Each structure stands twice: as structure tokens, then as C-alpha cells.
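Structure first, then comments.
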Amino acid sequence: MSALVTIGDALGAGSALPVFLSNFGPEAGASPAPWAPVARNVSLTMRRAAADGAWPAAAVLRRIDENATAPYAAWAGQGKPRSPTPGQIAAMHAASEVRASLVPLTVQGEVATIELELPPLGVAHLSFD
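Right, dumping it as C-alpha cells:
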């Protein structure tokens, strides 16, 4: 598991808190000790001063993994066509779209906790606005 936390919006301004998570392992040839990732339960505990305001009730979650974005599954479900029709291509594009969902925070005073599962080879982006 890897995590990267920054402060600010896409332009680096403001007080948003983006968190990026990834669940990858080193592959053969890239490491003398490769291993395959497995699903991981992730628990993030964050603290902010009361002067910074209250925590939001939920975080916005965007995922890329075989369950959330699944164009291959859509293609396989279509019978793995060699020359997909425009409708089949549209269905695969729709299956690959990243969607936002809300994940509730457990808040106790200045401390907020969020829990989620990240599948193998999955990435997640959480934002707390």
C-alpha cells in the first residue's frame, strides 16, 4: 500500500485534503523479491484543529480498479468481439468511467476516521472539502 497526501485543490490553493492510495506490489524483473498485492482494508485517521472548522460528514471517493472501472468485464460480457459495434464500444467506455461516491467519516471532536477496502492493483482518490 502506498499513500500520498497533499493540501489544496488541483491548482494548489485552498484547504482541500486530497489523499491518493494505491495497492501495487513490485513485479518480477523490477525487484529481487516480487509479490502480488491482495485486497487491503485501509483505515485513515486524521486530526485537525477545531479552529480549522468541522470535518465534513463524508469524503468523495473515486476509484480505478477491476470492480469500479471494468471495461474488460464489459467486453468479455459482450462475448469478446474482435470488431465491436459502436454500441458495444459505447458500453465499454461507460464501464471505464470513474464515478464519484461518498464515504462517511466517523468524527469524534478533532479526529476523523475513514475506512475502505482497496482491491489488488487498485487506486483511490479521496477528497475532504
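Here the working numbering is used: the first residue of the sequence shown is 25, the next is one more, and so on.
A virtual CB, placed ideally from N, CA and C, is assigned to each residue, including glycine.
Since the structure is predicted, the reported quantities are computational estimates derived from the model, not experimental observations.
Compare the C-alpha of residue i against each of the options and name the closest.
i, options, result
"A94", "T137, S120, A75 and L85", "S120"
"F44", "N65, S125 and T30", "T30"
"R64", "D33, T109, A27 and G103", "A27"
"V131", "A98, F152 and R123", "F152"
"R72", "L145, L150, A40 and A148", "A40"
"R123", "L145, E141, A100 and L150", "L150"
"R147", "P108, A37, R87 and A78", "It is worth fixing the name first, because residue 147 is Val in this sequence and not Arg. That would be R87, whose Cα lies nearest to the Cα of V147."
So what does DSSP say about residue i, is it helix, strand or coil?
i, result
"M116", "helix"
"P95", "helix"
"P105", "coil"
"A52", "strand"
"P42", "strand"
"P110", "helix"
"A75", "helix"
"A148", "strand"
Residue i: buried (16+ other C-beta within 10 angstroms of its C-beta) or exposed?
i, result
"A92", "buried"
"R106", "exposed"
Near residue i, which residues of its chain fall below 8 Å by C-beta distance, leaving aside the five closest residues on each side in sequence?
i, result
"P143", "N47, A63, D89, E90 and N91"
Got a sec? Which residues, its chain only, sit under 6 Å from residue i by beta carbon, not counting five neighbours each side?
i, result
"A98", "A115, M116 and A119"
"S67", "E139"
Excluding sequence positions up to five away, which residues of its chain have a Cβ less than 7 Å from the Cβ of residue i?
i, result
"P61", "N47, F48, G49, P144 and L145"
Any 3 or more C-beta pairs closer than 8 Å across the region 128-148 and the region 77-89 = By the C-beta criterion, the region 128-148 is judged to be in contact with the region 77-89, since at least 3 inter-stretch pairs fall below 8 Å.
query = Contact between the region 100-115 and the region 54-63: three or more CB pairs below 8 Å?
reply = Remark: fewer than three beta-carbon pairs, one from each stretch, lie closer than 8 Å, so the region 100-115 and the region 54-63 are not flagged as touching.
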